[in-house]
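Each remark here refers to the structure printed beneath this line.
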Amino acid sequence: DQQVKQNSPSLSVQEGRISILNCDYTNSMFDYFLWYKKYPAEGPTFLISISSIKDKNEDGRFTVFLNKSAKHLSLHIVPSQPGDSAVYFCAASFSGSARQLTFGSGTQLTVLP
Amino acid sequence: DVKVTQSSRYLVKRTGEKVFLECVQDMDHENMFWYRQDPGLGLRLIYFSYDVKMKEKGDIPEGYSVSREKKERFSLILESASTNQTSMYLCASSEANTEAFFGQGTRLTVV
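One line per chain: the protein sequences are A and B, in this order.
By my numbering, the letter at position 71 of the first sequence is numbered 1187, and the numbering carries on one by one without gaps.
By my numbering, the letter at position 110 of the second sequence is numbered 332, and the numbering carries on one by one without gaps.
Okay, here's the thing in structure tokens:
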């Protein structure tokens, strides 16, 4: 049973437009959410996170939104750039878990020049 | 910058071999993790450790064991490699209540 789901395996966006990546979770105990970016043949790199006490966190071109009632979070990238093309993983954890992360299956983002 | 280093980028092993994957972190992190990444399945946790000599099973521990004799080093052991263990293996470390930092990954092929 997947506790963190990314239902879109792929997304294509034109350069300069907004990219919106979505993630749903089922475990209401999760209280910390993260997005990672992964290029082929490299390890994931941390992008942005949000605690369950917030509904929005922004860092430059990246904004994460959390809707706890819907158990849904999204990552917005504005404006999208070709270098953003990568696989994006959503992850979740809860307090007292040594911050072990439960990951979604990933979304391949392609930003077209 | 946090550095997590995995000993090999690519490995090819034969079925039945004992395989060691090594991971070293240089930031004195308490927690260390081993994940495997497979297409369509994301990253799945194999084992983690929150202190020296301590280990906890993750979601898919079968066929694997781990060792953490020193704080900076976390080893993943495949006791008898099988073809269904062909995968990308990712090591990570974290301090309490912070994000995890990943190594570059080891692409293991079992033939």
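Ideal placement from N, C-alpha and C gives every residue a C-beta, glycine not left out.
Since we're looking at a predicted model, the values are computed, not measured.
1. Helix, strand or coil for A:Asp1140 per DSSP?
2. Do A:Leu1217 and B:Leu263 count as a contact pair if the criterion is CB distance below 9 Å?
3. In or out: B:Met276 buried (at least 16 other Cβ within 10 Å) or exposed?
4. Hey, which unbroken runs of the beta strand (DSSP E) at 3 residues or more fall wholly within the segment 292-332 of chain B?
5. Can we say the segment 245-261 of chain B touches the segment 1130-1145 of chain A, given the rule of at least three CB pairs closer than 8 Å?
6. If you measure from the beta carbon of A:Gly1222 to each beta carbon in chain B, is any gap under 9 Å?
7. Kindly list the residues whose CB is nearer than 8 Å to the CB of B:Phe270, restricted to its own chain and excluding five residues on each side of it in sequence; keep chain order.
8. To test your reading of the DSSP string, which unbroken beta strand (DSSP E) runs of 3 or more residues are found completely within the segment 1172-1197 of chain A?
9. Would you mind sorting B:Gln228 into buried or exposed? The rule is 16 or more other CB atoms within 10 Å of its CB.
10. Among A:Pro1156, A:Val1180, A:Thr1226, A:Gln1119, which residue has its Cα nearest to the Cα of A:Asp1140?
11. How would you list, in chain order, the residues of chain A whose beta-carbon sits under 8 Å from the beta-carbon of B:Leu312?
12. Just to confirm, are B:Val288 and B:Ser297 a CB contact at a threshold of 9 Å?
13. Does chain B have any CB closer than 9 Å to the CB of A:Gln1122?
14. Would you check if the distance between the CB atom of A:Leu1163 and the CB atom of A:Leu1182 is smaller than 9 Å?
15. Rounding to the nearest angstrom, what Cα-Cα distance links B:Val332 and B:Leu312 in this structure?
On the basis of the coordinates in this document:
1. The residue labelled residue 1140 of chain A in the question sits at position 24 within the first sequence. If DSSP states are grouped into helix, strand and coil, A:Asp1140 belongs with the strands.
2. For the purposes of this step, residue 263 of chain B is taken as residue 41 along the second sequence, with counting starting at 1. For the purposes of this step, residue 1217 of chain A is taken as residue 101 along the first sequence, with counting starting at 1. Not in contact: B:Leu263 and A:Leu1217 (Cβ atoms no closer than 9 Å).
3. One-based indexing of the second sequence puts residue 276 of chain B at position 54. B:Met276 should be labelled exposed.
4. 295-300, 309-316, 328-332
5. no
6. For this step, residue 1222 of chain A is matched to residue 106 along the first sequence. Closer than 9 Å to some Cβ of chain B, the Cβ of A:Gly1222 qualifies, so yes.
7. As a working note, residue 270 of chain B is residue 48 in the second sequence. The residues are Asn253, Met254, Phe255, Trp256, Lys277, Glu278, Gly280.
8. 1172-1175, 1178-1183, 1188-1193
9. Translated into the one-based positions of the second sequence, residue 228 of chain B becomes position 6. Its Cβ being crowded by 16 or more others within 10 Å, B:Gln228 is buried.
10. As a working mapping, residue 1140 of chain A is identified with position 24 in the first sequence. Looking at the Cα atoms, A:Gln1119 is the closest of the given residues.
11. As a first step, residue 312 of chain B must be located in the second sequence, where it is residue number 90. Under the 8 Å cutoff, chain A gives Gly1159, Pro1160.
12. Position 66 of the second sequence holds residue 288 of chain B. Position 75 of the second sequence holds residue 297 of chain B. Closer than 9 Å, so yes.
13. Here residue 1122 of chain A refers to the residue found at position 6 of the first sequence. Chain B contact via Cβ: present.
14. Sequence index remark: in the first sequence, residue 1163 of chain A carries index 47 (1-based). Sequence index remark: in the first sequence, residue 1182 of chain A carries index 66 (1-based). No, Cβ-Cβ distance for A:Leu1163 and A:Leu1182 is not below 9 Å.
15. As a working note, residue 332 of chain B is residue 110 in the second sequence. As a working note, residue 312 of chain B is residue 90 in the second sequence. In a straight line, the C-alpha of B:Val332 is about 16 Å away from that of B:Leu312.
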